[in-house]
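In our numbering, the protein residues as written are 25 to 147.
A virtual CB, placed ideally from N, CA and C, is assigned to each residue, including glycine.
Only a predicted model underlies this, so the values are computations on that prediction, with no experimental measurement involved.
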C-alpha cells in the first residue's frame, strides 16, 4: 500500500547518509516543469512516458527498499505513478519494499542543500 511521507521525513532520509539509488530512490514524475529544478539525486520519469519506462524502472529498483514518488503538488501524477509502480512491482518481485508519495510535492525550492538545477524563472 502506498504511504505518504512528509517533507521533514524525506529530509532526514536524504541527510541520513543513506545512498540514493541503493537505499532509496526519489522518482520525480513531473513533465516539462522538471526543468525548473529537482530534488538532488532524484530521477525524472515524466508522467507522459511513465508507463513506457515502468518495466525498466522496476528492474533497476528491484533491490531498492524505499521508493518515493512526487510531482509538483503530489495530487495526481505522483500518486498515480506510485500506485501503478507498486502494483506492478508486487506482481513481478517480492513485496519487501515501501512506496511513498511526498506529501505536498516539490516543496524544497528554497533549500540549496536539497535542490539542484534550480531556475527561478520557471517558478
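Of 116, 94 and 111, the smallest CA-CA separation from residue 28 is found for 94.
Annotation for residue 79: the continuous alpha helix (DSSP H) segment containing it runs 74 to 84. Linking residue 121 to residue 132 through their CA atoms gives a straight-line distance of about 25 Å. Contact annotation: residue 70 and residue 84 have beta-carbon atoms that are not nearer than 9 Å.
The continuous beta strand (DSSP E) containing residue 90 extends over residues 90 to 94. Between residue 112 and residue 48, the C-beta spacing is not below 9 Å.
Less than 9 Å divides the Cβ of residue 125 from the Cβ of residue 106. In the structure shown, residue 53 adopts coil according to DSSP, grouped into three states. For residue 122, no alpha helix (DSSP H) segment is defined; the enclosing uninterrupted segment is the beta strand (DSSP E) at 122 to 126. Approximately 6 Å separates the beta-carbon atoms of residue 51 and residue 67; this is inside 8 Å, confirming the contact. Remark: C-beta atoms of residue 62 and residue 137 do not approach each other more closely than 9 Å.
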